Amino acid sequence: MDNILNYLYELKREGIKLGLDTTRAFAEHLGNPQDKYKKIHIAGTNGKGSISSYIYNILRQRYNTGLYTSPHLIKFNERIIFNKEMISDDYIINFISENRDYIDKLSKIKMNPTFFETTTVMAFKYFYDMHADYAAIEVGLGGRLDSTNIIIPEISIIGQIGYEHYQKLGCSLTSIAYEKGGIIKPGIPVVLQDKKPEVLAEIKKLSQVRKSKLILSEDYSKSTEPELYNFKMVFDLKTPLNEYHIESNNLGLYQVKNIKTAVAALENMDTSINKHDVESGIDKAIWHGRMEIIRASPLVIIDSAHNPPAASNLVPSFKKFIKKKPLLLIGMLSDKDVFSFLTIMRQLSDKIVLTMPNEPDRALDPDNIKDIASSIYRDVKIIKDPLSAYDYSLKNSDCVLVCGSMYLIGDIMSREKVGILPFIDIGKKISKEIG
1066 MDNILNYLYE LKREGIKLGL DTTRAFAEHL GNPQDKYKKI HIAGTNGKGS ISSYIYNILR
1126 QRYNTGLYTS PHLIKFNERI IFNKEMISDD YIINFISENR DYIDKLSKIK MNPTFFETTT
1186 VMAFKYFYDM HADYAAIEVG LGGRLDSTNI IIPEISIIGQ IGYEHYQKLG CSLTSIAYEK
1246 GGIIKPGIPV VLQDKKPEVL AEIKKLSQVR KSKLILSEDY SKSTEPELYN FKMVFDLKTP
1306 LNEYHIESNN LGLYQVKNIK TAVAALENMD TSINKHDVES GIDKAIWHGR MEIIRASPLV
1366 IIDSAHNPPA ASNLVPSFKK FIKKKPLLLI GMLSDKDVFS FLTIMRQLSD KIVLTMPNEP
1426 DRALDPDNIK DIASSIYRDV KIIKDPLSAY DYSLKNSDCV LVCGSMYLIG DIMSREKVGI
1486 LPFIDIGKKI SKEIG
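With our numbering applied, the sequence shown corresponds to residues 1066 to 1500, in that order.
This is the structure in structure tokens:
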């Protein structure tokens, strides 16, 4: 399996114009499996993974449902889930073995599939082979030129939009919204969560040109103030069609928006989903590494926030639900806005441990940001090995918040043996561990 994954990770196409031709060719070679079941397409800078998880968990209460997301936290197989199981090693091995000659053939005409293109087509084929009724498909990067954008969905969803990956998507919110809005298909409804003026104006324009109904999720429904009860986030949600009592394993004020977005999308689709399916699906859903409590004593919260918009979402949620001042354990990648991220996180604590995520090519050496951190925080410590930094944090604080990189979150999850499937069918037992 390691050899297959190494082969996958090494698939790349240098110096070739971005486009969907390779993905379309590969999918057509396999009989266009993505056209054989219904899809929901989810884009956005932040929140798209959580929204995808809610969609998947609600739909699987009644339908055979797939979930395609990226990146993974611990294991590659996390990216492709059908019903209650990850894609098997055997399927991955067989898929690559059966299609290696075709991949090599495309390489000879400079259309060699990248890692993400190959993984995307694999997911499409897997869902078809497993007889999916629906699949929640998360965009990888952008939208317009993302490999997933060969699908025609039942509905498109666009979450929050920020400046991450501006080098590839454009330096303004308008240009980034244009790229994200590339998933809007003619005549297919689109749900938009973000209400920033530039974003709203661009998505409105695109939806009008494509004659697509635009639903603003924040206007579509009303919610009560969320509260923490038995370590779940609880609130009521009223839509034009129903009134729901929501209990979510994912804490966070931003998760209220993500749940509202998922529900708005499902209510504007032609399904047999009912009130119980929505409430049950959300109650069973968990999107790991998003304001997740993984340890009781000391209290440890992990969150994959790694850019300023995500930090801005995390801070008020942490203040509302966690009444302790945390020691921050942060490791970041070199392509992130470090100064802004650290400045926002300073609202929670004046103590920070800087470490180095386990991603050699992109990890930011904490030595390079020590001066920046010291200008923001009163107490700065550098421990480059992430697990050593974690052990230190556990010994020196009764509350630890880990964030900054999904690679760091994955290492901590592995250390604490946190589950990786995006649901908890037996109910989360945090209350016993922490209460």
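Ideal Cβ positions, reconstructed from N, Cα and C, are used throughout, including at glycine.
All figures in this text were calculated on a predicted structure; none of them were measured in a lab.
Sequence-distant residues of the same chain with beta carbon closer than 7 angstroms to residue i, five excluded per side
i, result
"Met1334", "Glu1219 and Ile1220"
"Asn1423", "Pro1451, Tyr1472 and Asp1476"
"Asp1432", "Ile1447"
"Gly1205", "Ser1135, Phe1181, Asp1211, Ser1212 and Thr1213"
"Lys1101", "Tyr1193"
"Lys1103", "Asp1198, Tyr1199 and Glu1219"
Neighbourhood of residue i by C-beta distance below 6 angstroms, restricted to the same chain and skipping five residues each side
i, result
"Lys1325", "Ser1282 and Ser1286"
"Val1467", "Ile1367, Leu1394 and Ile1477"
"Glu1263", "Leu1238 and Thr1239"
"Ile1499", "Confidence at Ile1499 is low in this model, with a pLDDT of 40, below 50, so its placement is unreliable and no value can be given for it."
"Asn1378", "Tyr1319"
"Asn1111", "Gln1225, Pro1374 and Ala1375"
"Glu1357", "Ile1367"
"Val1445", "Ile1417, Ala1438 and Ser1439"
"Asn1323", "Gly1112, Ser1115 and Ile1116"
"Ser1209", "Strictly speaking, residue 1209 in this sequence is Arg, with Ser absent from that position. Result list for Arg1209: Glu1244 and Gly1247, in chain order."
"Glu1312", "Lys1297, Val1299 and Asp1348"
Length of the line joining the Cα atoms of residue i and residue j
i, j, result
"Ile1441", "Ile1202", "39 angstroms"
"Thr1130", "Leu1364", "35 angstroms"
"Gln1225", "Ser1369", "15 angstroms"
"Thr1239", "Asn1068", "42 angstroms"
"Lys1303", "Lys1340", "11 angstroms"
"Ile1116", "Gln1320", "9 angstroms"
"Ser1345", "Lys1385", "25 angstroms"
"Leu1171", "His1094", "11 angstroms"
"Asn1071", "Lys1140", "13 angstroms"
"Phe1296", "Ile1387", "10 angstroms"
"Thr1183", "Ile1253", "26 angstroms"
"Ser1288", "Lys1482", "34 angstroms"
"Ala1266", "Asp1169", "43 angstroms"
"Glu1290", "Arg1089", "45 angstroms"
"Gly1484", "Gln1126", "20 angstroms"
"Arg1480", "Ile1351", "19 angstroms"
"Ala1330", "His1353", "22 angstroms"
"Asp1426", "Ser1337", "47 angstroms"
"Asn1314", "Leu1257", "24 angstroms"
"Met1066", "Lys1270", "46 angstroms"
"Leu1132", "Gly1207", "19 angstroms"
"Cys1464", "Arg1275", "49 angstroms"
"Asp1284", "Tyr1167", "48 angstroms"
"Lys1493", "Gly1084", "For Lys1493, the predicted structure reports a pLDDT of 45, less than 50, and the residue's modelled location is therefore unreliable. A value from the coordinates is still provided. Rounded to the nearest angstrom, the two C-alpha atoms are 42 angstroms apart."
Of the residues the options, the one placed nearest residue i, counting alpha carbons only
i, options, result
"Ser1470", "Arg1480, Lys1276, Asp1415 and Arg1355", "Arg1355"
"Ala1197", "Ser1272, Ile1489, Asn1307 and Pro1098", "Pro1098"
"Ile1347", "Leu1085, Val1418 and Pro1487", "Pro1487"
"Leu1318", "Ala1428, Phe1091, Phe1300 and Glu1093", "Phe1300"
"Ser1458", "Lys1416, Leu1429 and Arg1427", "Lys1416"
"Gln1199", "Ile1217, Leu1398 and Ala1108", "According to the sequence as given, residue 1199 is Tyr; it is not Gln. Among Ile1217, Leu1398 and Ala1108, the Cα nearest to that of Tyr1199 is on Ile1217."
"Ser1118", "Ala1090, Leu1095 and Asn1148", "Asn1148"
"Thr1179", "His1310, Leu1316, Tyr1455 and Leu1076", "Leu1076"
"Thr1087", "Met1176, Leu1138, Thr1408 and Ile1280", "Met1176"
"Ser1277", "Gly1246, Lys1390, Arg1078 and Asp1259", "Gly1246"
"Glu1143", "Ala1329, Lys1269, Gly1114 and Lys1261", "Gly1114"
"Arg1078", "Asp1463, Lys1173 and Ile1105", "Lys1173"
"Arg1443", "Ser1414, Asp1259 and Ile1489", "Ser1414"
"Ser1462", "Leu1419, Met1397, Ala1428 and Pro1391", "Pro1391"
"Ile1474", "Asp1166, Lys1460 and Ala1454", "Ala1454"
Paired residues, beta bridge with residue i - DSSP
i, result
"His1310", "Asp1301"
"His1196", "Bridge partners of His1196: none, in fact."
"Phe1404", "Phe1404 pairs with nothing; no bridge assigned."
"Gln1225", "Asn1111"
"Glu1203", "Ile1107"
"Met1151", "Ile1146"
"Tyr1294", "Lys1297"
"Thr1130", "Tyr1199"
"Ile1367", "Glu1357 and Val1467"
"Gly1396", "Thr1420"
"Ala1350", "Phe1488"
"Lys1250", "Per DSSP, none; premise fails for Lys1250."
"Leu1279", "Val1255"
"Ile1220", "Ile1105"
Residues of its chain near residue i, where Cβ-Cβ distance is below 8 angstroms and the 5 sequence neighbours each way are ignored
i, result
"Tyr1074", "Phe1180"
"Ser1496", "For Ser1496, the pLDDT reaches just 39, beneath the cut-off of 50, and the residue's location in the model is therefore unreliable, leaving the point undetermined."
Between the region 1429-1443 and the region 1403-1414, do three or more beta carbon pairs fall short of 8 angstroms? yes
Would you check if there are 3 or more beta carbon pairs closer than 8 angstroms linking the region 1141-1154 to the region 1189-1203? yes
Quick one: any contact between the region 1358-1375 and the region 1158-1170, if contact means 3 or more CB pairs under 8 angstroms? no
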